[in-house]
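First up is the structure itself, then whatever we jot down about it.
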Amino acid sequence: DTEVTQTPKHLVMGMTNKKSLKCEQHMGHRAMYWYKQKAKKPPELMFVYSYEKLSINESVPSRFSPECPNSSLLNLHLHALQPEDSALYLCASSQDPAGRGNEQFFGPGTRLTVL
Amino acid sequence: RKEVEQDPGPFNVPEGATVAFNCTYSNSASQSFFWYRQDCRKEPKLLMSVYSSGNEDGRFTAQLNRASQYISLLIRDSKLSDSATYLCVVNMNTNAGKSTFGDGTTLTVKP
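So the protein lines, in turn, are chains A and B. Numbering-wise, the first sequence is residues 1 to 115 according to my numbering. Numbering-wise, the second sequence is residues 116 to 226 according to my numbering.
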């Protein structure tokens with residue numbers, strides 16, 4: 001299994017809703033990532049989990065809350081989002097955060113619209 | 116100055132053409148280099164990792180010049196299916212695992 005899966009594919013939510021994005025990989029990778037991507041821009045790093053511990057938080061607002069229940073799963077909990085948070089949210093994984101195994105493999109993303 | 120800079124593009128080339136993209140990076144401690152391609156409304160997909168002096172995969176050749184701090188991607192015999200945005204990614208191989216993305220170069224191959 002060489003893929004990263006993400007659910008849901010699309011999500012529309014109001015500013016008062018609470019929702020979660022899910023990501024899963026079964027490649028034995030020990031690093032997992034959340035990115036946010038706006039149209040015509042490169043992916044923007046949000047969080048990195050390394051060996052199930054949060055290693056990077058790129059000063060992301062607290063309305064985004066990551067969780068790594070185990071080495072295969074990564075969640076992103078959303079609460080009180082703003083319309084400007086509408087974007088493609090990408091999950092990625094890599095064998096190791098450092099060293100030659102750090103090629104990242106991306107999931108298909110969740111396209112989020114905040115009304 | 117951005118940490119990773121790419122040719123702004125867009126590149127519009129005919130089928131069969133050879134096209135080259137350049138990417139420069141500012142941190143000399145950078146250790147790993149990658150090219151990804153991203154199709155419209157899709158996720159980035161790893162095209163090539165670039166190690167040591169570079170590598171080749173079919174019509175694609177990636178080169179690394181550490182002295183000048185740039186990497187390049189050469190595409191020979193362009194196909195319509197090569198139309199995409201090409202992202203240059205640089206990693207310092209620290210324990211933190213942060214990769215830095217260039218803004219991407221858009222390629223359109225026309226019949």
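Beta carbons are placed, not taken as given, at the ideal position from N, Cα and C, and that holds for glycine.
#1: How far does the beta strand (DSSP E) with Asn-180(B) in it reach, from first residue to last?
#2: Is the CB of Lys-213(B) under 8 Å away from at least one CB in chain A?
#3: Using three-state DSSP, classify Glu-84(A) as helix, strand or coil.
#4: For the segment 149 to 178 of chain B, list every residue whose C-beta sits within 9 Å of some C-beta in chain A, in sequence order.
#5: How long is the line joining the alpha carbons of His-26(A) and Phe-64(A), rounded to whole angstroms?
#6: Please state if the CB of Tyr-140(B) and the CB of Gln-178(B) are separated by a distance shorter than 8 Å.
#7: Assuming Asp-172(B) is part of the beta strand (DSSP E), what are its boundary residues?
#8: Are Gly-124(B) and Pro-42(A) closer than 8 Å when you measure CB to CB?
#9: Give the interface partners of Asn-142(B) over in chain A, defined as CB-CB distance under 7 Å, in chain order.
#10: Would Leu-21(A) and Leu-78(A) be called neighbours here (beta carbons separated by less than 8 Å)?
#11: Determine, using beta carbons only, whether Phe-105(A) and Leu-195(B) come nearer to each other than 8 Å.
#12: Using a Cβ distance threshold of 8 Å, determine whether the segment 27 to 46 of chain A contacts the segment 82 to 93 of chain A, with at least three qualifying pairs required.
#13: Let me see if you follow: with CB-CB separation under 8 Å, is Ser-147(B) close to chain A or not?
If we stick to the structure as given:
#1: 175 to 180
#2: yes
#3: helix
#4: Phe-149, Tyr-151, Gln-153, Arg-156, Lys-157, Glu-158, Pro-159, Lys-160, Leu-161, Ser-164 and Tyr-166
#5: 24 Å
#6: Against a cut-off of 8 Å, the Cβ pair of Tyr-140(B) and Gln-178(B) comes out as no contact.
#7: 170 to 172
#8: no
#9: Those within 7 Å of Asn-142(B) in chain A number zero; the least Cβ separation is about 15 Å.
#10: Taking C-beta atoms as the reference points, Leu-21(A) and Leu-78(A) count as a pair closer than 8 Å.
#11: Judged by their CB atoms, Phe-105(A) and Leu-195(B) are not nearer to each other than the 8 Å cut-off.
#12: yes
#13: yes
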